[in-house]
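These notes concern the structure reproduced below.
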Amino acid sequence: MEIIDADDGGGVEAWIARLRHLAPDLVVTGTSYHADFSRCLWLAARTVAVRTVAVLDAWINLGERWRFADGRTSQPDALCVIDETIRQEAREVHGFSGTVHVVGQPHLEAVVARVAVRRAGRTPSSRPLLIFFSEPTAEFHTGPEYPGYDQFTSLDAFFAALPPGVGMELLVRPHPKEGPEVTERYRKRLGAWIEGRLTNEDPEALLAMADGVIGMTTMVLIEAALLGIPALSLQLDRTRIVNPAVDRLPGIATVTEATRLPECLRSFLARVTSSAPAGEPIPAGGLAMPGNAGDRLMRALKEEMAGVSRGPQCRPVMLVAPPGAC
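Under the working numbering, the first residue of the sequence shown carries the number 314, and numbering increases by one thereafter.
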C-alpha cells in the first residue's frame, strides 16, 4: 500500500492525470464537507474507471460530504460507516446507491482503549479539573446552518450559571482550526476565572487527567462518556441537531434550554466531585456501533479489493487529505 501526500493534488483534472500514472486498483479516502479534496478524487477515479471507497468516521453532515459549493455532487462507489443509523441515512435520505459496509469507528475505539489504560488507578484530584473542548462553530456554521449557539455563547452561559465558590480548575482547549483571534477571545473571557487557562495539550492527555468534560457536539464528549467521565453538552437555544450521537449516548447531559442550565450544571458538578477515581465506563448504548472496528474496516477493504483485483500485480493506493482539510 502506498501513502500519497495529497498537498500537491490539485483539482479533478490533476487527479485524473495522477491516477492514470499510478494505475491503482482501489482508491480509499476519508470524507470532508469543508474541502473538495475527496469529492474531486471520486470524480477523477470514476473518469478513469477506478473504484473508490470512502471511510466516514462521524455521524454528521453526511449529505454535505458529496456536494460541491456550486451544487455539483460526487459520491464514492462504496462507504464504510459507523453504524446502521448512518447506513440507513445514506440510503434513504441522501440516495446513496453504492455498497455500504457497517464497520464501527476504529479511531474512537482506539482512543477509548488507550485513555482507559492511562486513567487506570487514577486517584481523585484535590481540585477537580474541568476541560472545555472548543469547536469552530461560529466560523463554519453561519447563516441558516447556525445551530443557535457557538463556542463563545456556550462558554459565556457556563460562566454565568456557575454557582459561587466553585473550587475547580478550568482548561479551555481551542480546536486546531480556530485561529489566533479565537484564542484571544478566549483569553479575555478567562481573565475573570482565577483557575482558568488555555491549553493546546493533546486531547488524549487531557482526557487522561479530566474530572469533567464540557463541549457542544465534539467527538471528545463521546470519548469522555465512554470512559465514564462526566460530560456536559451545551447547546442552548438549539435550532437544529448537529451531532445526533451526542443526544443518543447515555452519560452525556445535553442542555438545550437556558432555564435548565443551572439545574443541569449542579447535577454535572455533583457527578464530577463524587465520581469514582477512574470513572465507570459505560456501554455504547444508543450508538449501536459494532465492536472490533479496525478488523471490520480491514475486512471491508479486502472485500472491495477482491472485487477489483487484477491478480498478484494489484496495487492498492491509499490517498490522504491535506492537513486540516477534513
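All C-beta atoms in this analysis are idealised placements derived from N, C-alpha and C, irrespective of residue type, glycine included.
- Following the DSSP letters along the chain, one finds phenylalanine 409 in no alpha helix (DSSP H), marked with neither H nor E.
- Judged by beta-carbon spacing, glycine 417 lies beyond the 9 Å limit of alanine 619, meaning their Cβ atoms are not closer than that value.
- When only Cα atoms are considered, valine 425 and glutamate 536 end up about 6 Å apart.
- With contacts defined as CB atoms closer than 9 Å, valine 366 and proline 337 fail to qualify as a contacting pair.
- Non-local C-beta neighbours of valine 406 in its own chain, meaning closer than 8 Å and more than five positions away in sequence, comprise Leu375 and Gly376, ordered along the chain.
- In the DSSP assignment, serine 546 falls outside any alpha helix (DSSP H) and lies within the beta strand (DSSP E) extending over 544 to 547.
- In this structure, the beta-carbon distance from threonine 569 to arginine 584 does not fall below 9 Å.
- By the C-beta criterion, the region 554 to 564 is judged to be in contact with the region 524 to 535, since at least 3 inter-stretch pairs fall below 8 Å.
- Per DSSP, the beta-bridge partners of glycine 525 are Leu443.
- Going by DSSP, glutamate 482 is part of the beta strand (DSSP E) stretching over 482 to 486.
- Taken atom to atom, the span from the alpha-carbon of threonine 455 to that of leucine 562 is near 27 Å.
- In this structure, the straight-line span from the alpha carbon of leucine 369 to that of glutamate 482 is close to 35 Å.
- The criterion of a C-beta distance shorter than 9 Å is satisfied by valine 325 and alanine 357.
- The alpha-carbon separation between isoleucine 395 and alanine 371 amounts to approximately 7 Å.
- Secondary structure note for arginine 510: its beta strand (DSSP E) is the uninterrupted segment 509 to 511.
- DSSP, read as helix, strand or coil, puts leucine 392 in strand.
- About 4 Å separates the CB atoms of alanine 391 and threonine 412; that is less than 8 Å, so the two are in contact.
- With respect to leucine 574, alanine 403 sits apart: the two C-beta atoms are not nearer than 9 Å.
- Excluding its 5 nearest sequence neighbours in each direction, valine 415 has C-beta neighbours in its own chain below 7 Å: Val394, Asp396, Glu397, Arg400 and Pro603, listed in chain order.
- Under the criterion of beta carbons closer than 8 Å, phenylalanine 446 and leucine 468 do not qualify as touching, at roughly 11 Å.
- Distance from the CA atom of cysteine 353 to the CA atom of leucine 332, rounded to whole angstroms, is 12 Å.
- Closest in C-alpha terms to tyrosine 499, from the list Leu519, Ala523, Thr466 and Asp515, comes Thr466.
- Inclusion of leucine 545 and alanine 571 in the CB contact set at 9 Å is not warranted, their separation being larger than that value.
- Shown here, arginine 364 sits in a strand according to DSSP, grouped into three states.
- Here arginine 551 carries a coil assignment [DSSP, helix/strand/coil].
- Taking 9 Å as the cut-off, the beta carbon of valine 479 is found closer than this to the beta carbon of leucine 582.
- When Ala538, Ala521 and Glu448 are compared, the shortest CA-CA separation from glutamine 548 is found for Glu448.
- Apart from sequence neighbours up to five positions away, the residues of its chain that approach proline 419 with a beta-carbon distance below 7 Å are Ala606, Gly607 and Leu610, ordered along the chain.
- Contact check for leucine 519 against leucine 540 fails: the beta carbons are separated by 9 Å or more.
- Within the same chain, and ignoring the five residues on either side of arginine 427 in sequence, the residues whose Cβ sits closer than 7 Å to its Cβ are Glu517.
- Excluding residues up to 5 positions away in sequence, Thr567 lie with their Cβ nearer than 6 Å to the Cβ of aspartate 560 in the same chain.
- Per DSSP, the unbroken beta strand (DSSP E) holding alanine 566 starts and ends at 565 to 568.
- Per DSSP, the beta bridge partners of arginine 380 are Thr386.
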